[in-house]
Amino acid sequence: MLRDNTSKVVFIGGILIIAFGFFAPNWIVNQLMFGFSRALAILGLLVLWRTGLVSFGHAFYFGLGAYTVAILDIQLGVTDVFLRLFGGACLAGLAGFLVGFIMRNYRDIFFAMLNTAISMVLYGIIVKTESLGSTDGFAISLPTIFGVAPETKYPLFVVITVIAMVSALLVNFYLKTTVGRLTTPIRDNEIRVEYLGFSVAHAIHLKYTMSAILAGGAGALMAMSLGQVDPDSMINWTVSGELVFITILSGPGNVIAPFIGSLVFEVLRTYAFELAPHLWQLIVGGTFLTIIFFLPGGIWSLIVKFGRNKS
Amino acid sequence: MKQSKPILEVRDLLKTFGAVVAAKDINVDVNRGEIVGIIGANGAGKTCFVNMVTGYLKPTSGSIVFDGIELVGKGPREVTHAGISRSFQVSQVFHTMTVAENLTIALAIATNRGVRALSEMETPELTLQRDAVLKRYQLENYKDMTVNVLSQGVRKLLDIAMAVVSEPRILLLDEPTSGISVEEKFDFMDVVMGALKEDNVTVLFVEHDMEIVERYVSRVLAFYQGEIIADMSPKKALADSKVQEFVIGKRH
Amino acid sequence: METFLTILLDGLQFSSYLFIVSAGLTIIFGVMKILNVCHGSFYAWGAYTSAFFIGKFSEMGMPDGWGFLVILASAIVVGLVLGFLIEQVILKHMYHRDEVLIVLATFGLFLVLEDVILIAFGTDPYFAYQPMALLDSVEMGGIVRDVYGLTLIGVAAMVAIGCWFLLNKTKWGTILKAVIFDREMGIAMGINVPLVYTLTFIGGAILGGLGGAYIAPTISVAPGLGTEVIVLSFAVVVVGGMGSIMGAAIGSLIIGLLRALAVHELPQVELFVVFAVMAVVLVFRPEGLFAPAKPRKI
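Protein chains in written order, with this note's numbering: chain A, 7 to 317; chain B, 65 to 316; chain C, 3 to 300.
Rendered as structure tokens:
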């Protein structure tokens, strides 16, 4: 095993990226913002994935976060980036906590499908409701930061990167705690976990709520960096599919993996749309199969292998 | 505390599955420090009894009192918290993790109850405790091996070691020697019983092997068709005609 | 009255095609324990193949009645070719892995096949109205219906009876039921489980293809049609109980009729209704309404 330098890497890497963003062209800053925003949701899915749970419906929380920002902006005129983020993450977290009472009793495909059902119910409501923007969605104003309205997107990028760093560090710590370590054990043998004296339902409930908060935060940040929300890019089942895809692509090995995976995804998508616009699904599907068959540990396992060879 | 009061009092326990009676009229007192052997043919209700005491099955009626606490209605987790642990007929361990990881998580859950579950798991003290358990159960050589590749015997040792780390006052072993070869069984039981004696645990174990029963227990409960037909010392039990007929299967 | 009849017939037609597709999905799940996301591709490929050849044959001046043969042939060819290839090349190597991973692999396959359709058939929609035009329409209870649409109900009924007969009256059915109940037991009984898997997957794929091939003349066959059907047939099998043909039939009726009702009376809740039903059923009966019995394993 490599010694755990994760916190150091996150800290130094984050600062370097913030510095790099200052000089980088706009489109790169945009890609980083999208990638890091989405990576928050992946962090949550990583925790579930380690426990053997895959949700095909986390766009529900992603969308709740994004639409909370839209409503805070349009109905209440809230512009502050932190208030918006807090609102989105809290609402999604509350929803996740409540839904979690049901969800903690399900495993395997039933868990995956029940999540899909819930996300599609929300999708169905929003698509058909004029006051929620229907299929068009809403445009969102650029957020203010500590009361200042920035002229470029760079300050928002800094905020997103810092939030991403803090989240990665928190999740990394969580994964070292006793309840955080209850991932593989739950996947391997739930009966034993109960007989050791820990409630599997409680452990899963906590993980699920965490993943909802993170997905809600991700949606809120995504809404602000895109400057708009609409049901198809925020709540539809394809969004849930993308989140699962990035999770598998990243690999469950480390909290840094989701950030790398999300960036690879953004780059992949940008180039695919430029070079072969009709082959996007083929590329995603093909990558999916390749990872499942040949690289079960995702991109992260490549990095680990590379690191071992060097040292 | 009165020394004479039994640690486990089972009264009029009944368990039915539809029309099938799995356990009936079960009345047992177990005293502190006893080592009780539970014998009986397949389907006699031995595992059913263990499952009821440890909260896996809920009895249809009756009561199980452990040190003044009523256990009926409690689940496996609450029973564990009360101070009763168990091992399994087919070892229930985390098969994709190493022996050391299995024990670490077991110790961590036992020590970090409640909010402390949110503190860092691997502390130096925990590693020391874990190594002590590895040593006591002679598992040091398998420390970094994944359970998947281990023999049934080592898995069963690990299974028992994991049950004991919460320092239970009663331990129930469900067929500890099943799946273990004839040559290994006494060594295996010596390791287990030696370790348990150090902890001063009250032990109830289900066993098919009469040699093991004779050698390690202080008292025998013989089950037949869901009822206890004999409750006596092993020597008497093995000579008892009912036990010979219904449990051991000797014809007269 | 007329509205009621329209809703009823729309609902039945909708249920019928959902049932044909879901029956394939539920058989595959029952036998192989695989939730096959690329079932939607079988449907889409069936629809495209039949629409393409009906159009071609019509251009060549063949009688329109041939369309029905084309439909049947499309379903069988699509099911045989795609079903066989996918099972042999991909799924066969995954049976020892996590259920969820297999679902993800079929999801990957689904995405790949969606784009292969675009490469093969282009992005323009296909219209294969000929079989529908041939059968004309009838007036019943004051409303005019296409006869073709009504035959769909008949086809679904035939599929249902066929499945029932296969499962309950043939040696094959006994073997399938043994494998569905307990795979290990099936192996112990000397059943050639890998062969059963391959044939089951092909059979399920043919049903998926048939749903698409038969519906093709009534719709514009355009990109993305596999997505809707897979989402809906998931809802059907989850509601009915995964692995149960009876469940697929009841699930299709519930979802089909409710959706027809929603489309006519309250179009805003069309999607909502389907998933709300699914969520409610899952919460109160996690195994679905007609889940097959499971062996006790303690």
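All C-beta atoms, glycine included, are put in the ideal place defined by N, C-alpha and C. Computed from a predicted model, the values in this text were never measured in an experiment.
Member of the options whose CA lies at the smallest distance from the CA of residue i
{"i": "I30 of chain C", "options": "C:I78, C:G63, C:G85, C:F55", "result": "C:G85"}
{"i": "T202 of chain C", "options": "C:A215, C:G242, C:L169", "result": "C:L169"}
{"i": "G290 of chain B", "options": "B:L77, B:V197, B:L72", "result": "B:L77"}
{"i": "V233 of chain C", "options": "C:W166, C:Y128, C:C40", "result": "C:C40"}
{"i": "I169 of chain B", "options": "A:L104, A:P31, A:V185, A:D142", "result": "A:V185"}
{"i": "W33 of chain A", "options": "A:T158, A:L49, A:V127, A:D10", "result": "A:T158"}
{"i": "A215 of chain C", "options": "C:I73, C:F6, C:A135, C:A25", "result": "C:I73"}
{"i": "G258 of chain C", "options": "C:F16, C:F129, C:L11, C:T8", "result": "C:F16"}
{"i": "R56 of chain A", "options": "B:T160, B:V265, B:M296, B:L121", "result": "B:T160"}
{"i": "A227 of chain B", "options": "B:L260, B:L135, B:M253", "result": "B:L260"}
{"i": "N91 of chain B", "options": "B:I128, B:P188, B:S282", "result": "B:I128"}
{"i": "M216 of chain A", "options": "A:Q234, A:F29, A:L176", "result": "A:L176"}
{"i": "M119 of chain A", "options": "C:M62, C:L113, C:L106", "result": "C:L106"}
{"i": "M333 of chain A", "options": "A:G94, A:N315, A:T141, A:F251", "result": "No answer is possible for residue 333 of chain A: it lies beyond the span of chain A, which begins at 7 and ends at 317."}
{"i": "V235 of chain A", "options": "A:T141, A:E248, A:I305, A:G203", "result": "A:T141"}
{"i": "G223 of chain A", "options": "A:V165, A:L54, A:S137, A:I21", "result": "A:V165"}
{"i": "G147 of chain B", "options": "B:N166, B:T118, B:L192", "result": "B:T118"}
{"i": "I56 of chain C", "options": "C:S76, C:L37, C:N38", "result": "C:S76"}
{"i": "G203 of chain A", "options": "B:A108, B:R150, B:A86", "result": "B:R150"}
{"i": "V33 of chain C", "options": "C:W68, C:E186, C:L263, C:I252", "result": "C:E186"}
Local Cβ density within 10 Å of residue i, reported as buried at 16 or more and exposed below that
{"i": "K66 of chain B", "result": "Unreliable placement is indicated for K66 of chain B, whose pLDDT of 46 sits below 50; no coordinate value is reported for it."}
{"i": "A1 of chain C", "result": "What the structure shows of chain C is the stretch from 3 to 300, and residue 1 of chain C is not part of that stretch, so it cannot be assessed."}
{"i": "N106 of chain B", "result": "exposed"}
{"i": "H95 of chain C", "result": "exposed"}
{"i": "K133 of chain B", "result": "The displayed chain sequence assigns Ile, not Lys, to residue 133 of chain B. It is exposed - the Cβ of I133 of chain B has fewer than 16 other Cβ atoms within 10 Å."}
{"i": "I197 of chain A", "result": "exposed"}
{"i": "H64 of chain A", "result": "buried"}
{"i": "P264 of chain A", "result": "buried"}
{"i": "V283 of chain C", "result": "buried"}
{"i": "K122 of chain B", "result": "exposed"}
Cα-Cα separation between residue i and residue j, rounded to whole angstroms
{"i": "S155 of chain B", "j": "K220 of chain B", "result": "5 Å"}
{"i": "M7 of chain A", "j": "G267 of chain A", "result": "Confidence is the limiting factor: at M7 of chain A the pLDDT is only 39, short of 50, which leaves the residue's position unreliable, though a coordinate-based value still follows. Whole-angstrom Cα-Cα distance: 22 Å."}
{"i": "V172 of chain A", "j": "F42 of chain A", "result": "12 Å"}
{"i": "L203 of chain B", "j": "T293 of chain A", "result": "42 Å"}
{"i": "E278 of chain B", "j": "G303 of chain A", "result": "51 Å"}
{"i": "G42 of chain C", "j": "N212 of chain B", "result": "38 Å"}
{"i": "S125 of chain A", "j": "C96 of chain A", "result": "17 Å"}
{"i": "G243 of chain B", "j": "S215 of chain B", "result": "9 Å"}
{"i": "V311 of chain B", "j": "Y288 of chain B", "result": "7 Å"}
{"i": "G143 of chain A", "j": "A76 of chain A", "result": "9 Å"}
{"i": "I292 of chain B", "j": "I108 of chain A", "result": "42 Å"}
{"i": "I318 of chain A", "j": "L100 of chain A", "result": "Coverage of chain A is limited to positions 7 through 317, which leaves residue 318 of chain A absent and any answer about it impossible."}
{"i": "F292 of chain C", "j": "A281 of chain C", "result": "16 Å"}
{"i": "G258 of chain B", "j": "F158 of chain B", "result": "25 Å"}
{"i": "A278 of chain A", "j": "L260 of chain C", "result": "40 Å"}
{"i": "L27 of chain C", "j": "D184 of chain C", "result": "19 Å"}
{"i": "T135 of chain A", "j": "L137 of chain C", "result": "40 Å"}
{"i": "L227 of chain A", "j": "L171 of chain B", "result": "40 Å"}
{"i": "L209 of chain C", "j": "F252 of chain B", "result": "57 Å"}
{"i": "L115 of chain A", "j": "E101 of chain C", "result": "In the sequence under discussion, the amino acid at residue 115 of chain A is Ile, which differs from the Leu named in the question. So the alpha carbons of these two residues sit roughly 8 Å apart."}
{"i": "I276 of chain B", "j": "V284 of chain B", "result": "12 Å"}
{"i": "I132 of chain A", "j": "V16 of chain A", "result": "37 Å"}
{"i": "F236 of chain C", "j": "F274 of chain C", "result": "15 Å"}
{"i": "I298 of chain A", "j": "A72 of chain A", "result": "30 Å"}
{"i": "G225 of chain A", "j": "L70 of chain A", "result": "7 Å"}
{"i": "L268 of chain B", "j": "L237 of chain B", "result": "6 Å"}
Assess contact between the region 138–149 of chain B and the region 99–112 of chain B, defined as three or more Cβ pairs (one per stretch) separated by less than 8 Å. Is contact present? no
For the pair the region 80–100 of chain A and the region 144–153 of chain A, tell me if three or more CB-CB distances fall below 8 Å. yes
Whether or not the region 231–238 of chain B and the region 191–203 of chain B are in contact is what I'm after, with contact meaning three or more pairs of Cβ atoms, one per stretch, closer than 8 Å; do they touch? The answer is no - the region 231–238 of chain B does not touch the region 191–203 of chain B, with fewer than three Cβ pairs under 8 Å.
Using 8 Å as the Cβ pair cut-off and three pairs as the minimum, do the region 215–230 of chain C and the region 44–58 of chain C touch? yes
Can you check the region 192–237 of chain C for any alpha helix (DSSP H) of at least 4 residues that lies completely inside it and give the ranges in chain order? 195–217
Ranges of the alpha helix (DSSP H) found wholly within the region 119–152 of chain B, counting only runs of at least 4: 140–146
With three or more C-beta pairs closer than 8 Å as the rule, is the region 176–190 of chain C touching the region 4–20 of chain C? Verdict: no, contact absent.
Mind the definition here: the region 47–66 of chain C touches the region 106–125 of chain C only if three or more C-beta pairs lie below 8 Å; say whether that holds. yes
Touch test, the region 293–307 of chain B against the region 177–187 of chain B, Cβ-Cβ under 8 Å, three pairs minimum: no
Fully enclosed by the region 150–191 of chain B, which alpha helix (DSSP H) runs are 4 residues long or longer? Complete alpha helix (DSSP H) runs here, min 4: 163–175.
Could you tell me which whole alpha helix (DSSP H) segments of length 4 or greater appear in the region 40–94 of chain A? 65–82
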